[in-house]
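Asker: Going by this note's numbering, the first residue of the sequence shown is number 3, and it counts up by one from there.
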Amino acid sequence: MTDYSVSSSHRSPNRPHSRFSSCARLKAIVAVVLLQANLAFAAEPLNPESPIQAQAPASTQTTPPTPEAPAPAANGATAAQPTLAQQAQQAQQQAVAPQQPFHVDLPRSHNPFFAYLPSSAPELNFNNSPRLESLIRDGKLYISLNDAIALAIENNLDLAYFRYNFPIAQTDIQRTKSGSPANGVNTSISQSTQGGFGASSGGGGSGGSGFSAGNGGIVTSTLGEGTTVPSFDPFLIFKGYVDHTVVQETNQFLGGIPTAKTNTIQGQANYSQSFPLGTNVSAQYLGQRLTTNSPYNAINPELYSNFAVQITQPLLAGFGRSTNERFIRIAKRNAQITDLAFKAQVIATVTQVENIYWDLVGAYQDDQIADRSLGFAQQTLDIDQKQLDLNAIPAMQVMTDQSAVATAEGNLTVARASLRLNELLIKNALTKVDDPTIDEMPVIPLDLKGAPDPDASISINDLIAEAEKNRPEVAIYKMSAEVQKQALKDINSELLPKLDMYGFYSGAGTAGPKNPDCTLSAEQCSSNLPTGFPGMFQNIFNYSSPEYQVGMTLSINLRNRQAKADQFRAVLQYRQSQISSEQQQKTILFDVRNSRFALEQAQARVDAAQKARDLAKRTFDITAQEQKLGAKSSYDVLVTQNSLAIAESTLVGAKTAYEKAKVDIERATGKTLNRMRVSIEDAKTGVVTHEP
Numbered sequence: 003m004t005d006y007s008v009s010s011s012h013r014s015p016n017r018p019h020s021r022f023s024s025c026a027r028l029k030a031i032v033a034v035v036l037l038q039a040n041l042a043f044a045a046e047p048l049n050p051e052s053p054i055q056a057q058a059p060a061s062t063q064t065t066p067p068t069p070e071a072p073a074p075a076a077n078g079a080t081a082a083q084p085t086l087a088q089q090a091q092q093a094q095q096q097a098v099a100p101q102q103p104f105h106v107d108l109p110r111s112h113n114p115f116f117a118y119l120p121s122s123a124p125e126l127n128f129n130n131s132p133r134l135e136s137l138i139r140d141g142k143l144y145i146s147l148n149d150a151i152a153l154a155i156e157n158n159l160d161l162a163y164f165r166y167n168f169p170i171a172q173t174d175i176q177r178t179k180s181g182s183p184a185n186g187v188n189t190s191i192s193q194s195t196q197g198g199f200g201a202s203s204g205g206g207g208s209g210g211s212g213f214s215a216g217n218g219g220i221v222t223s224t225l226g227e228g229t230t231v232p233s234f235d236p237f238l239i240f241k242g243y244v245d246h247t248v249v250q251e252t253n254q255f256l257g258g259i260p261t262a263k264t265n266t267i268q269g270q271a272n273y274s275q276s277f278p279l280g281t282n283v284s285a286q287y288l289g290q291r292l293t294t295n296s297p298y299n300a301i302n303p304e305l306y307s308n309f310a311v312q313i314t315q316p317l318l319a320g321f322g323r324s325t326n327e328r329f330i331r332i333a334k335r336n337a338q339i340t341d342l343a344f345k346a347q348v349i350a351t352v353t354q355v356e357n358i359y360w361d362l363v364g365a366y367q368d369d370q371i372a373d374r375s376l377g378f379a380q381q382t383l384d385i386d387q388k389q390l391d392l393n394a395i396p397a398m399q400v401m402t403d404q405s406a407v408a409t410a411e412g413n414l415t416v417a418r419a420s421l422r423l424n425e426l427l428i429k430n431a432l433t434k435v436d437d438p439t440i441d442e443m444p445v446i447p448l449d450l451k452g453a454p455d456p457d458a459s460i461s462i463n464d465l466i467a468e469a470e471k472n473r474p475e476v477a478i479y480k481m482s483a484e485v486q487k488q489a490l491k492d493i494n495s496e497l498l499p500k501l502d503m504y505g506f507y508s509g510a511g512t513a514g515p516k517n518p519d520c521t522l523s524a525e526q527c528s529s530n531l532p533t534g535f536p537g538m539f540q541n542i543f544n545y546s547s548p549e550y551q552v553g554m555t556l557s558i559n560l561r562n563r564q565a566k567a568d569q570f571r572a573v574l575q576y577r578q579s580q581i582s583s584e585q586q587q588k589t590i591l592f593d594v595r596n597s598r599f600a601l602e603q604a605q606a607r608v609d610a611a612q613k614a615r616d617l618a619k620r621t622f623d624i625t626a627q628e629q630k631l632g633a634k635s636s637y638d639v640l641v642t643q644n645s646l647a648i649a650e651s652t653l654v655g656a657k658t659a660y661e662k663a664k665v666d667i668e669r670a671t672g673k674t675l676n677r678m679r680v681s682i683e684d685a686k687t688g689v690v691t692h693e694p
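1. Just how far apart, CA to CA, sit A649 and D341?
2. Mind checking whether T351 and D149 have CB atoms under 8 Å apart?
3. Pull the bridge partners of F344 from the DSSP assignment, please.
4. Locate the alpha helix (DSSP H) running through N541, then write down its first and last residues.
5. Could you please give me the residues that DSSP links to T512 through a beta bridge?
6. Does the distance from the C-beta atom of P2 to that of N541 stay below 8 Å?
7. Using DSSP with H/G/I as helix, E/B as strand and the rest coil, what is S681?
8. Of the choices V407, A343, F128 and T229, whose alpha-carbon is the least far from that of K500?
9. Excluding the 5 residues preceding and the 5 following P124 in the sequence, name in chain order all residues of the same chain whose CB lies nearer than 7 Å to its CB.
10. Leaving out the 5 sequence neighbours to the left and right, which residues in its chain are closer than 6 Å to S284 when beta-carbon positions are compared?
11. Which first and last residues belong to the alpha helix (DSSP H) in which Q1 is found?
12. Are the Cβ atoms of P438 and I145 separated by less than 8 Å?
13. The alpha helix (DSSP H) spanning F570 covers which residue range?
14. Under the assumption that L432 contacts N158 (Cβ atoms under 8 Å), give the Cβ distance between them as a whole number of angstroms.
15. Nearest by alpha-carbon distance to P109: which of T189, A117 and Q102 is it?
16. For T589, tell me which candidate among N326, I466 and L119 has the shortest Cα-Cα distance.
17. For N265, which residues from the same chain have a beta carbon less than 6 Å from its beta carbon, with the 5 sequence-adjacent residues on both sides left out?
18. Any contact between the segment 572-580 and the segment 626-641? By contact I mean 3 or more CB pairs, one from each, below 8 Å.
19. What residues are listed by DSSP as bridge partners for T293?
20. Within 8 Å, do at least three Cβ pairs link the segment 126-145 to the segment 663-679?
21. Sort G322, E584 and E227 by Cα distance to F277 and report the nearest one.
22. Is the segment 509-517 touching the segment 330-346 in the sense that three or more CB pairs, one from each, lie closer than 8 Å?
23. Going by DSSP, which residues form a beta bridge with G553?
24. Please identify the residue among A626, P236, S645 and I170 whose C-alpha is closest to the C-alpha of P382.
25. Is E683 buried or exposed, if buried means 16 or more other CB atoms sit within 10 Å of its CB?
26. Quick check: what's the CA-CA separation for A610 versus S651?
27. Check V311 in the structure and name its three-state DSSP category.
28. Quick one: give me the first and last residue of the alpha helix (DSSP H) that Q172 is part of.
29. Check each candidate in T691, Y166, R328 and Q268 and name the one with the smallest Cα separation from P303.
30. How about E2 and Q569: are their beta carbons less than 8 Å apart?
31. Please identify the residue among L143, L288 and Y306 whose C-alpha is closest to the C-alpha of G534.
32. Please classify Q643 as buried or exposed, where buried requires at least 16 other C-beta atoms within 10 Å of its C-beta.
33. How would you write the range of the alpha helix (DSSP H) that Y660 sits in, first residue to last?
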């Protein structure tokens, strides 16, 4: 392509001088002077790293410019000065109400009727934490990586959902103290927020529903099987009735009357309670008042009461605290597993938020690159349009410039749409509910570069050792193995015959006034029984009418197939748990190695992309300089600028992948919370008091 922007001294000597009139020569000189002036004026803004506003004049903007972040910290984790978002937060802390911590206790009361009344948990608070409002300035959300993590701890719904597992685990402990089996706690890791782990395929290593406290629990396995655990809660049963009976007598001689009428009032109370050794204590009281119209009764009405106590103790099957408290032991272990699983949930959520944040940073920088490219293409079109008006360049050059502008506009539209999507993702991860005032609010990332990789000099064996020490899954599987091993001992009791020893004591008392209608002889109508309730109660406990018994019962299942099958299945499941532990160990090893390899690959891509970008920048600078000297055309500069934009975008993508690879290896080694200074206690309450 011929460059018409050079001075007349560059004309070919073979071109006839007669073709240029004085007027044409004057126009050419004026065009050259104007072109050189424009190029000199535009030379400095052609720097791709210069501010967006300097690249594209306001009159040429076709889309709203992306808000530029205030001077970001070079390193978000080690910046000495607080970020602008943190400064704004400190300034507004006194003006906003504090976030209420999550706290749900098991209901308790001294009210004797409390046990029979329904309880309710505190109402949910779906308001976003005040921290979010403190980061908004001029209609924009300025957020650093630490701010994003703090907002996730306070607002992320995955964490809010998991926090209820703590009181749920406590309800299981309370339930098992009554002798009932545990319902289990769902400790699977939730990631309803969109985004993903990123660099490593091992991202799912911190989750899963295979924990012993999970949905499987003691319902679909032999875990918790054994002899029937009696109820440790005392039971009190009352029964009473009033009865009136009329019977036609067939033999009047037997009853002394043709029609026998009987009125009965009876009350009965039973108390029963079992204890961890398998001991059962029961007591029963029976009281009765009977009146009749028979003249053959010496007393009328007749008062009768009976009190009995029985103690039963299993000697083989069902004996001992180990088998009878197994549900309590499982529930307490589940509570410990819930605590560890919450740590895994926090790691997963923080990791996910970090990845979303770095995706936002990449989209933000891509948007700036696309905006600079559009500004340069538009500026080149404006310059060439002026040259075309002076007939200094062909119309084809302007058409090429217009095509470049159209392409740059399309790239900017795509980049801006990607930025809006990533803004939506991070707002979704950091808020409890959708807020229309925040939906369309631009998000400005303040940390554009992460901290240096602290694991670069650590050997792979040391990283694996740290993962085995730090990752909560390791402790979870160890606890699960302990529970399975203990279950083998608990279920052995079910194999034994049932041998129970019991002791029984009963005392009875009878009383009643003399029957005034008695027609028998004076001797037969006389009675030495007490006439009222006090005497009757005294006879119950004065050993005047005792009954006592000591005995045992033996029950033997001659084939015992169910217990034998359950016991052997428990052994097989324990072997499976050993395999699972070994598999989990291998998974951690693979996860750490995979994350380390991904980090090394990401670092190599950054180095290669940085070299390619530096080369593209140098090529662009040389081409721009050559254009000033007339050796290159504006089309050549457009080509090199486009190559530079592609190289910059590739570098941004490589840096984003590198930051996410650093995030993933921290997750794989279990150091995410320590590295980001996240407090588990803050995560449990949902209020950040120790800034990340």
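Beta carbons are placed, not taken as given, at the ideal position from N, Cα and C, and that holds for glycine.
Answerer: Once the coordinates are examined:
1. 47 Å
2. no
3. Answer is none; F344 lacks a bridge partner.
4. F535 to F543
5. Y306
6. With the chain covering 3 to 694 only, the question about residue 2 has no answer from this structure.
7. coil
8. T229
9. V106
10. S274 and Q312
11. Residue 1 lies beyond the range of the chain shown here (3 to 694); nothing can be said about it.
12. no
13. R563 to L631
14. 7 Å
15. A117
16. I466
17. H246 and T293
18. no
19. N265
20. no
21. G322
22. no
23. Y504
24. For the record, residue 382 in the displayed sequence is Thr; it is not Pro. When each option's Cα is compared against that of T382, the closest is A626.
25. exposed
26. 13 Å
27. strand
28. N167 to T178
29. Q268
30. Residue 2 lies beyond the range of the chain shown here (3 to 694); nothing can be said about it.
31. Y306
32. buried
33. S636 to T671
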